[in-house]
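Asker: So that we are looking at the same thing, I have put the structure below in structure tokens.
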Amino acid sequence: MALLLLWEAGSRLGLIPARILAAPSTVAETFWAMTVSGELPANLAVSLGRAGAGLGLALTIAVTLGLVSGLSRWGETLVDPLMQIKRTLPVVALTPLFIVWFGIGETPKIALIAVAAVFPLYLNLFAGIRGVDVRLVEAARSFGLSGRDLIANVILPGALPSFFVGLRYSLSISVVMLVIAEQINAQAGLGHLINNARDFMRTDIIVVCLLVYALLGLAADALVRTLERKALAWRPSLVEQ
């Protein structure tokens with residue numbers, strides 16, 4: 002609060018020019034005007050669609066590869082080295098290549114988000130599967146569980162905590178990559194608003210969009226936490242509610 006007051010005072014006294022950073026009151030007015038006009042909700046819906054498509058693609062790929070790699074030695078030999086190579090590649094550096102391959106439409110934006118989000122999901126699922134207590138597996142086998150039943154009732158539930166950690170991390174990466182991806186000739190979305198605002202030196206609109214990006218990250222994390230509490234209701238907690 003003190004920082005906001007200093008920011009507002011600096012803006013009103015002319016110490017912080019509007020072309021450098023708009024005042025908080027101006028940002029609030031701009032946020033309200035863009036919301037009432039429908040401009041912000043419409044562009045937010047476009048950005049959410051891109052992030053959701055990229056994350057959905059990453060989730061499909063990561064779960065498939067994580068299961069293959071985590072449940073078998075040959076799968077680990079085939080998949081894990083490729084994923085580790087992918088981990089060392091800076092995703093932003095792939096942007097020019099994706100533009101050459103896919104053009105400047107929606108595909109490169111979604112692909113960038115998917116590539117960035119896939120590894121945390123894969124790694125945490127793989128680690129979760131391999132981290133399941135061997136004694137639980139042996140006990141399940143003693144009760145006659147094997148194959149798919151063993152995987153569905155013991156291994157996958159045991160890997161869920163790690164998977165949700167990866168999902169939270171991937172969601173935050175998706176928001177970060179959304180900021181970058183929407184700089185690629187976006188005709189709509191929060192990145193489109195930021196690009197236009199930059200050209201006209203509208204720092205109030207830029208701050209509004211950055212705040213929305215931040216709120217998206219917080220909302221996504223809260224959603225995963227809620228899903229985690231419901232899916233892992235059986236897990237004992239070390240922290241009192």
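Per our numbering, the sequence shown starts with residue 2, numbered consecutively.
Glycine included, every Cβ here is placed at the ideal spot set by N, Cα and C.
A quick note: this is a predicted structure, and the numbers were derived from the prediction, not measured.
Considering Cα atoms alone, identify which of L211, L56, L72, E107 is closest to I1.
Answerer: For the chain, the structure presents residues 2 to 242; residue 1 sits outside this window and is missing.
Asker: Would you kindly check if the distance between the Cβ of V28 and the Cβ of V176 is under 8 Å?
Answerer: Working through the sequence shown from its first residue, we reach residue 176 at position 175. Working through the sequence shown from its first residue, we reach residue 28 at position 27. Not in contact: V176 and V28 (Cβ atoms no closer than 8 Å).
Asker: Apart from the five residues on each side of it in sequence, which residues of its chain come closer than 6 Å, Cβ to Cβ, to G11?
Answerer: As a working note, residue 11 is residue 10 in the sequence shown. Only I17 meet the Cβ criterion.
Asker: Kindly indicate which three-state DSSP category I21 falls into: helix, strand or coil?
Answerer: To locate residue 21, count along the sequence shown from 1; it is residue 20. In this structure, I21 counts as coil in the three-state DSSP scheme.
Asker: Measure the beta-carbon distance from L233 to P162 and round it to whole angstroms, keeping in mind my assumption that it falls under 8 Å.
Answerer: Here residue 233 refers to the residue found at position 232 when the sequence shown is read from its first residue. Here residue 162 refers to the residue found at position 161 when the sequence shown is read from its first residue. Correct: roughly 6 Å between the Cβ atoms.
Asker: Here's a check: name, in chain order, each residue in its chain whose Cβ is nearer than 7 Å to the Cβ of V119, leaving out the five neighbours to either side.
Answerer: Here residue 119 is taken as the residue at index 118 of the sequence shown, counted from 1. Hits under 7 Å: A59, I62, A63.
Asker: In angstroms with no decimal places, state the Cα-to-Cα distance between A3 and L41.
Answerer: On the sequence shown, residue 3 is found 2 positions in, with the first residue counted as 1. On the sequence shown, residue 41 is found 40 positions in, with the first residue counted as 1. Looking at the two C-alpha atoms, the distance is approximately 28 Å.
Asker: Does any residue of chain D have a CB that is nearer than 8 Å to the CB of S175?
Answerer: In the structure shown, chain D cannot be found, because there is only a single protein chain.
Asker: Skipping 5 residues on each side, what residues in its chain have a beta carbon closer than 6 Å to that of A117?
Answerer: As a working mapping, residue 117 is identified with position 116 in the sequence shown. So the list reads V92, I174, M178, once near-sequence residues are dropped.
Asker: Quick one: using the 10 Å Cβ neighbour count with 16 as the cut-off for buried, is E105 buried or exposed?
Answerer: As a position in the sequence shown, residue 105 is number 104, starting the count at 1. It is worth fixing the name first, because residue 105 is Ile in this sequence and not Glu. So I105 counts as exposed.
Asker: Please return the same chain residues whose Cβ sits closer than 8 Å to the Cβ of L126, not counting the five positions on each side in sequence.
Answerer: Within the sequence shown, the letter at position 125 stands for residue 126. Excluding sequence neighbours, L126 sits near A63, V64, G67, L68, G71, A160, S163, F164, G167.
Asker: So what does DSSP say about M84, is it helix, strand or coil?
Answerer: Here residue 84 is taken as the residue at index 83 of the sequence shown, counted from 1. The answer is helix: DSSP assigns M84 an H, G or I state.
Asker: Can you find the residues in the same chain that come closer than 6 Å, C-beta to C-beta, to Q184, ignoring five residues on each side of it along the sequence?
Answerer: The residue given as residue 184 occupies position 183 in the sequence shown. Around Q184: G192.
Asker: Alpha helix (DSSP H) containing D150: first to last residue?
Answerer: Reading the sequence shown from its first residue, position 149 is the one you call residue 150. Its alpha helix (DSSP H) spans residues 148 to 151.
Asker: Go ahead and pull the three-state DSSP assignment for M35.
Answerer: Translated into the one-based positions of the sequence shown, residue 35 becomes position 34. In the structure shown, M35 sits in a helix (DSSP, three-state: H, G or I).
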